[in-house]
Structure formats: C-alpha cells, structure tokens
Amino acid sequence: MIESHQFSISVAPMMGQTDRHFRYLVDLLAPDLKLYTPMIHADAIVYASEKF
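Quick note: the sequence shown, position 16, residue 16 per UniProt numbering, numbers continuous.
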C-alpha cells in the first residue's frame with residue numbers, strides 16, 4: 001500500500017536576494033510555493049529605493 005503525503009515547501013526571506021523580481025520568478029515557476037517577504041522597518045519603506 002502506497003501512502004500519499006502532501007508536502008509544503010516554504011522559502012525564507014534572504015536580505016539582498018529575495019527581491020521583487022525573484023519573488024515574481026518563483027511565483028511563475030512554482031505557484032504553490034509559500035514565499036515570505038523580509039520584514040522591513042517602516043522608515044525603510046518610506047525612504048527606500050525601488051529595490052524591494
């Protein structure tokens with residue numbers, strides 16, 4: 001008897017690596033993958049560049 005298990009894969013955020021382009025590519029390649037964004041301080045959002 002073969003048991004079927006549903007596995008879930010998650011990708012942790014990596015500062016400087018998981019930018020919005022990487023997240024978009026991963027979403028295209030594996031739409032069921034759980035991809036988390038890094039925690040960003042509110043000042044970084046206000047004063048940041050378009051990198052994230």
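Even for Gly, the Cβ is constructed at its ideal location relative to N, Cα and C. Here the structure is a predicted model, which means the values were calculated and not measured.
What does the alpha-carbon distance come out to for the pair residue i and residue j?
{"i": "Ser8", "j": "Val26", "result": "15 Å"}
{"i": "Tyr47", "j": "Pro31", "result": "31 Å"}
{"i": "Leu33", "j": "His41", "result": "25 Å"}
{"i": "Phe22", "j": "Leu29", "result": "11 Å"}
{"i": "Leu35", "j": "Ile45", "result": "20 Å"}
Helix, strand or coil for residue i, going by three-state DSSP, please let me know.
{"i": "Leu35", "result": "strand"}
{"i": "Ile45", "result": "helix"}
{"i": "Asp27", "result": "helix"}
Going by CA-CA distance only, name the one from the options that's closest to residue i.
{"i": "Asp19", "options": "Met39, Tyr47, Pro31", "result": "Met39"}
{"i": "Gly16", "options": "Leu28, Thr37, Leu33", "result": "Thr37"}
Which residue or residues does DSSP assign as beta-bridge partners of residue i?
{"i": "Val11", "result": "Leu35"}
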